[in-house]
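K.L.:
Sequences listed follow chains A and B, in order.
Here the first sequence is numbered in my numbering, starting from 14 and rising by one per residue.
Here the second sequence is numbered in my numbering, starting from 14 and rising by one per residue.
There are 2 protein chains.
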Amino acid sequence: MAAESPETADGRRLAVMEDVAAMAGVSAMTVSRVLNSPEKVRPQTRARVMAAVRALDYRPNSAARVLATGRSGVLGVVSFDTTLYGPASTLFSIEQVAREHDYTVSIVSLSSLNRRSIGEGVERLRAQSVDGIMVVAPHESAADGLKELPATTPLVAVGAGADVPFPVVAVDHRAGAERAVRHLLSLGHETVMHLAGPADWVDASGRVDGWRAALEAAGREVPPPPAGDWSARSGYEYGRRIAADPEVTAVFVANDAMALGLLRALREAGRDVPGDVSVVGFDDVPEAAYFPPPLTTVRQNFAEVGRRAFDLLLDRIGGPLESGSRRVVEPELVVRESTGVRRRT
Amino acid sequence: MAAESPETADGRRLAVMEDVAAMAGVSAMTVSRVLNSPEKVRPQTRARVMAAVRALDYRPNSAARVLATGRSGVLGVVSFDTTLYGPASTLFSIEQVAREHDYTVSIVSLSSLNRRSIGEGVERLRAQSVDGIMVVAPHESAADGLKELPATTPLVAVGAGADVPFPVVAVDHRAGAERAVRHLLSLGHETVMHLAGPADWVDASGRVDGWRAALEAAGREVPPPPAGDWSARSGYEYGRRIAADPEVTAVFVANDAMALGLLRALREAGRDVPGDVSVVGFDDVPEAAYFPPPLTTVRQNFAEVGRRAFDLLLDRIGGPLESGSRRVVEPELVVRESTGVRRRT
DNA sequence: CCGATTGATGTTAGCGCTAACAGAACGGAG
DNA sequence: CTCCGTTCTGTTAGCGCTAACATCAATCGG
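1) Can you pull the DSSP bridge partners for B/M206?
2) Any beta-carbon of chain B closer than 8 Å to the one on A/R72?
3) Interface residues of chain B around A/A101 at Cβ under 7 Å?
4) Can you check whether the C-beta of B/E300 is within less than 8 Å of a C-beta belonging to chain A?
5) Hey, how far is the Cα of A/H202 from the Cα of A/A263?
6) As an exercise, report each continuous alpha helix (DSSP H) stretch of at least 4 residues that is fully enclosed by the region 178 to 249 of chain A, in chain order.
7) Starting from A/T381, find everything on chain B with Cβ-Cβ shorter than 7 Å and list it in chain order.
8) Can you tell me which of the three DSSP states B/G89 falls into?
9) Using a Cβ-Cβ distance under 8 Å, would B/A15 count as near chain A?
10) Can you name the start and end residues of the alpha helix (DSSP H) that B/V66 belongs to?
11) Considering only DSSP beta bridges, list what A/I146 is partnered with.
12) Return the chain-ordered ranges of every beta strand (DSSP E) run that is complete within the region 261 to 342 of chain B and spans a minimum of 3 residues.
13) Compare the C-alpha of B/V149 against each of B/D269, B/R355, B/L326, B/V348 and name the closest.
14) Enumerate in chain order the residues of its own chain whose CB-to-CB distance from B/V205 is below 6 Å, with the five nearest sequence positions on each side excluded.
15) Please decide whether A/A270 counts as near chain B, where near means a Cβ-Cβ distance under 8 Å.
16) Looking at C-alpha atoms only, which residue of A/V342, A/I330, A/V286, A/R321 is the closest neighbour of A/T309?
17) Please tell me whether A/A257 has its Cβ less than 8 Å away from any Cβ of chain B.
18) Would you say A/E161 faces chain B, with C-beta separation under 8 Å as the test?
19) Would A/G223 and A/G248 be called neighbours here (beta carbons separated by less than 8 Å)?
20) Less than 8 Å between the CB atoms is what I'm expecting for A/D269 and A/G241, so what's the real figure, rounded?
21) Assign B/T117 to one of three DSSP states: helix, strand, or coil.
22) Output needed for B/A16: all residues of its chain with C-beta closer than 7 Å, excluding positions within five of it in sequence on either side, in chain order.
23) Between A/S360 and the rest of its own chain, which residues show a CB-CB distance below 6 Å, the 5 nearest in sequence each way excluded?
24) Relative to chain A, which residues along the region 167 to 200 of chain B have a C-beta separation below 9 Å, given in chain order?
25) Got a sec: which bits of the region 111 to 135 of chain A sit with their beta carbon under 8 Å from any beta carbon on chain B, in order along the chain?
26) Whole angstroms are fine: how far does the CA of A/V90 sit from the CA of A/L104?
27) What's the gap between the Cα of B/W214 and the Cα of B/A272?
28) Is it the case that the Cβ atoms of B/L88 and B/G134 are separated by a distance below 8 Å?
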């Protein structure tokens with residue numbers, strides 16, 4: 014014996030396939046066919062079955078279906094802090110695409126990302142028999158965690174670094190940073206300072222690389238890049254340190270929140286943006302256009318990232334579980350009012 | 014016959030309970046007991062079973078367990094646009110609490126919230142046999158959608174208005190708004206303008222009510238409250254309209270993003286904050302402390318909301334599915350530099 | 001007019017697990 | 001040494017669904 018039968022609001026037993034079959038005068042198998050491949054059932058029979066389905070308000074039991082078919086229609090997402098703009102946007106777009114394709118999304122949002130936590134998150138989801146898993150893994154250390162995972166369940170990594178034994182979809186942070194820096198150089202700035210993100214974030218190191226590459230390509234001096242923690246506070250603190258230095262005329266900040274903090278520190282120090290200092294951010298959060306002044310920044314297309322990740326995962330489900338392969342989404346420079354021509358001293 | 018058997022990375026069949034039983038020299042039932050109520054099995058037997066579990070890297074099949082027990086260990090969350098600060102924070106905290114209690118969370122994030130979409134979201138989740146559902150339903154119209162739902166699955170509403178036939182956990186927007194307005198009045202402002210959120214949001218109307226109540230309690234004039242759409246842009250547009258009016262010395266804005274837009278419009282018009290105009294927001298987004306100037310705002314405790322919603326839902330799962338009951342989380346006024354004593358003209 | 005073909009539906013078995021009960025093993029009291 | 005309650009472990013059945021094959025009637029060409 015098993016599960017006590019759940020009841021409907023009016024106290025009756027929830028209808029199962031056999032009930033529908035009885036009411037329609039057919040076998041359970043025919044009901045199953047009507048639900049899964051209607052074209053194999055005579056229209057007339059089909060109609061009788063559908064009528065019974067409606068009359069009994071029947072819904073197939075997904076657990077039974079999963080058990081019988083081995084497919085659940087659920088996708089798992091392991092993500093870092095879904096409160097941050099990037100992860101939240103990625104998650105949102107994944108869910109949208111998944112739903113369009115009749116998949117449900119289960120999430121595990123980690124507040125710290127490391128080998129252990131990633132593995133646990135993936136395990137949790139696998140234990141729920143998801144059909145596939147996406148790991149939104151912006152940390153370098155996450156890559157290690159991914160390497161240790163068994164390749165049992167189709168998996169794609171979103172925003173992960175190289176060296177990951179799974180397909181990866183990522184924004185081209187490097188190209189975005191290069192665009193930002195070239196923009197600044199084209200405005201006449203001698204060099205460009207960089208406030209980086211936390212060292213172990215792939216996003217952060219990609220942006221550092223792009224910034225450095227663009228400076229070197231132009232034969233400019235490459236100052237050391239200090240790192241913040243993505244928060245406005247850390248941008249502010251950085252700003253307090255550099256505000257007094259008249260040599261600083263252009264700063265590329267690794268995200269918009271830190272840029273906001275920097276803008277504040279600059280204003281407090283009486284340095285005009287973009288008059289004295291030009292600032293470029295990264296993300297293009299919805300508020301960036303209303304920063305003081307409106308922020309020139311690099312926009313990431315999270316919707317596209319989600320879409321591609323989903324497509325890739327769908328390929329893996331059913332297809333072979335090959336590793337490798339990397340798809341890159343290009344970010345876009347959005348020029349606003351925080352950048353301007355270098356003012357000669 | 015059914016489901017083709019999935020394989021491990023090395024091509025072997027995934028272990029099932031019977032395999033573990035065979036290896037440990039016991040029956041499948043004993044394995045089941047070791048996993049679910051270890052105290053009922055002799056320590057020595059238990060050890061043999063656990064060894065086999067590890068040796069075979071066995072994981073119970075959740076679908077089979079769900080089918081046999083009727084419980085899935087999955088909670089569903091239907092939420093509006095999880096990209097917004099509030100919903101994202103709520104979702105995050107729900108997932109954290111749920112995970113601590115060994116529940117997985119499945120999500121449906123709606124980009125529009127109405128009777129239909131809510132019902133569909135809930136249906137989707139019920140079809141996945143979730144044990145309980147949370148609806149993060151900040152729209153008035155969502156309430157109607159909730160009324161039409163069958164009471165089959167335990168459900169709690171988060172941030173919903175009154176009149177919902179389910180338990181509700183919500184932030185006390187009204188009290189938060191009153192606090193904001195009283196703060197402004199205590200600084201000597203004659204009256205307080207209000208830029209509201211979209212009319213059909215419960216959060217928005219709660220804040221309007223609180224604002225109005227506080228003004229009326231103090232015997233002040235109650236100006237009509239225009240409504241924005243939560244975006245910085247709408248705050249900016251509102252700001253352009255009122256910036257020229259010297260009568261306006263205090264504004265309570267329904268969220269931080271709109272406040273940011275307003276601050277920008279005010280600055281462009283040459284009006285000093287808080288010198289000429291005091292501004293209070295709502296939300297306390299992480300960036301609020303770095304707005305120009307740092308924003309006085311009302312902080313919502315989303316972690317607490319998530320925790321209570323989860324507790325409430327857990328009560329309903331297993332317990333009777335009573336309706337009614339409402340738990341309220343108090344918001345807190347955070348005073349920063351965007352508010353100041355009214356300057357006499 | 002008959003065997004072969006096609007299409008619609010039914011039968012059987014089993015996916016992997018656990019509830020409920022049955023049975024074995026053990027220890028202590030009489 | 002027997003009897004009886006405790007533990008502990010095994011057996012049986014079934015959760016609700018679907019894959020695979022079986023069946024049956026209708027259809028068709030020769």
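Using N, Cα and C, we set each Cβ at its ideal position, and we do this for glycine too.
None of these values were measured; they are calculated from a predicted model.
P.N.:
Inspection of the coordinates gives the following:
1) Numbered from its first residue, the second sequence carries residue 206 of chain B at position 193. DSSP, once it has assigned bridges, lists B/V264 as partnering B/M206.
2) Position 59 of the first sequence, counted from the start, is the residue given in the question as residue 72 of chain A. Yes, A/R72 lies at the interface with chain B (some Cβ there is under 8 Å from its Cβ).
3) Here residue 101 of chain A is taken as the residue at index 88 of the first sequence, counted from 1. Proximity of chain B to A/A101 at the Cβ level (cut-off 7 Å) is accounted for by T95, T96, A101, in chain order.
4) By one-based count along the second sequence, residue 300 of chain B stands at place 287. Chain A, which has a Cβ nearer than 8 Å to the Cβ of B/E300, makes this yes.
5) Here the question's residue 202 of chain A lines up with position 189 in the first sequence. Here the question's residue 263 of chain A lines up with position 250 in the first sequence. The alpha-carbon atoms of A/H202 and A/A263 are separated by roughly 7 Å.
6) 186 to 199, 215 to 230
7) The question about residue 381 of chain A has no answer here: the residues shown for chain A are numbered 14 through 358.
8) Position 76 of the second sequence, counted from the first residue, corresponds to residue 89 of chain B. Look at B/G89 here: in three-state DSSP terms it is strand.
9) On the second sequence, residue 15 of chain B is found 2 positions in, with the first residue counted as 1. Low per-residue confidence applies at B/A15: pLDDT is 44, beneath 50, and the placement is therefore not dependable enough to give any value.
10) Counting from 1 along the second sequence, the entry for residue 66 of chain B is found at position 53. Where B/V66 is concerned, the enclosing alpha helix (DSSP H) stretches over 56 to 69.
11) Within the first sequence, the letter at position 133 stands for residue 146 of chain A. According to DSSP, which records beta bridges pairwise, A/I146 is partnered with A/G89, A/L168.
12) 263 to 266, 291 to 293, 310 to 312, 339 to 342
13) Translated into positions along the second sequence, residue 149 of chain B becomes position 136. It is B/L326 whose Cα lies nearest to the Cα of B/V149.
14) The residue you call residue 205 of chain B lines up with position 192 of the second sequence. Closer than 6 Å at Cβ, skipping near neighbours: V194, L197, A263, F265.
15) As a working mapping, residue 270 of chain A is identified with position 257 in the first sequence. Yes, because at least one Cβ of chain B sits closer than 8 Å to the Cβ of A/A270.
16) Locating residue 309 of chain A in the first sequence gives position 296, where the first residue counts as 1. It is A/V286.
17) Here residue 257 of chain A corresponds to residue number 244 of the first sequence, with the count starting at 1. Not closer than 8 Å to any Cβ of chain B, the Cβ of A/A257 fails to qualify, so no.
18) Walking along the first sequence from the start, residue 161 of chain A turns up at place 148. Not one chain B Cβ lies under 8 Å of A/E161.
19) Position 210 of the first sequence, counted from the start, is the residue given in the question as residue 223 of chain A. Position 235 of the first sequence, counted from the start, is the residue given in the question as residue 248 of chain A. No, they are not a contact pair.
20) As a working mapping, residue 269 of chain A is identified with position 256 in the first sequence. As a working mapping, residue 241 of chain A is identified with position 228 in the first sequence. In this structure A/D269 is not in contact with A/G241, their Cβ atoms being roughly 12 Å apart against a cut-off of 8 Å.
21) Here the question's residue 117 of chain B lines up with position 104 in the second sequence. Strand.
22) Position 3 of the second sequence, counted from the start, is the residue given in the question as residue 16 of chain B. Only weak support is given to the placement of B/A16: the predicted model assigns it a pLDDT of 48, under 50, and the value that follows is read from those uncertain coordinates. Excluding sequence neighbours, B/A16 sits near nothing in its chain.
23) Shown here, chain A extends from 14 to 358; a query on residue 360 of chain A therefore has no answer.
24) none
25) R112, T117, V118, S119, I120, V121, S122, S124
26) Counting from one through the first sequence, the residue named residue 104 of chain A turns up at place 91. Counting from one through the first sequence, the residue named residue 90 of chain A turns up at place 77. Each residue's Cα considered, the two are about 8 Å apart.
27) The residue you call residue 214 of chain B lines up with position 201 of the second sequence. The residue you call residue 272 of chain B lines up with position 259 of the second sequence. Going from the Cα of B/W214 to the Cα of B/A272 covers about 18 Å.
28) For the purposes of this step, residue 88 of chain B is taken as residue 75 along the second sequence, with counting starting at 1. For the purposes of this step, residue 134 of chain B is taken as residue 121 along the second sequence, with counting starting at 1. No, Cβ-Cβ distance for B/L88 and B/G134 is not below 8 Å.
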